[in-house]
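A.B. asks:
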Amino acid sequence: MSGNEEIKIEGGCVYETQNIDGDNSKFIVTAVGLSRVLFADFPMIKFNGSYLEYCVSREEFQKRFKPSE
-6 MSGNEEIKIE GGCVYETQNI DGDNSKFIVT AVGLSRVLFA DFPMIKFNGS
44 YLEYCVSREE FQKRFKPSE
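When you number the sequence shown by the numbering used here, it's gap-free, plus one each residue, and the end is 62.
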């Protein structure tokens, strides 16, 4: 995906990115803010009674992720 294309980021939707091994990893968006995106592994992984989540800027999310097919 080129840096000029903008994808619509929606909570509850699954997105994918290519990992170091060249495989695609899937993530689910749990919240979308004005400047940040919160997402978790898909399917979600429970760790010590809570779920692991990650937070990145919208710009970083746009660069690394694409909607899952």
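Beta carbons are placed, not taken as given, at the ideal position from N, Cα and C, and that holds for glycine.
Spatial neighbours of Ile0 within its chain, please: CB distance less than 7 Å, with the 5 preceding and 5 following residues excluded, ordered by chain position.
C.D. replies: The answer, listed in chain order, is Gln55, Lys59 and Pro60.
A.B. asks: Here's the rule: buried if 16 or more other CB atoms are within 10 angstroms of the residue's CB, otherwise exposed. What is Phe40?
C.D. replies: Classification for Phe40: exposed.
A.B. asks: Give the secondary structure of Phe99 by DSSP, where H, G and I count as helix, E and B as strand, and everything else as coil.
C.D. replies: The structure shown has nothing for residue 99, since the chain only spans -6 to 62.
A.B. asks: Can you have a look at Tyr8 and say buried or exposed, based on whether 16 or more other CB atoms are within 10 angstroms of its CB?
C.D. replies: Its Cβ being crowded by 16 or more others within 10 Å, Tyr8 is buried.
A.B. asks: Just how far apart, CA to CA, sit Gly64 and Ala24?
C.D. replies: Limits of the chain in this structure are -6 at one end and 62 at the other, which puts residue 64 out of reach.
A.B. asks: Would you kindly work out how many angstroms separate the C-alpha atoms of Arg29 and Val49, rounded to a whole number?
C.D. replies: So the two alpha carbons sit approximately 6 Å from each other.
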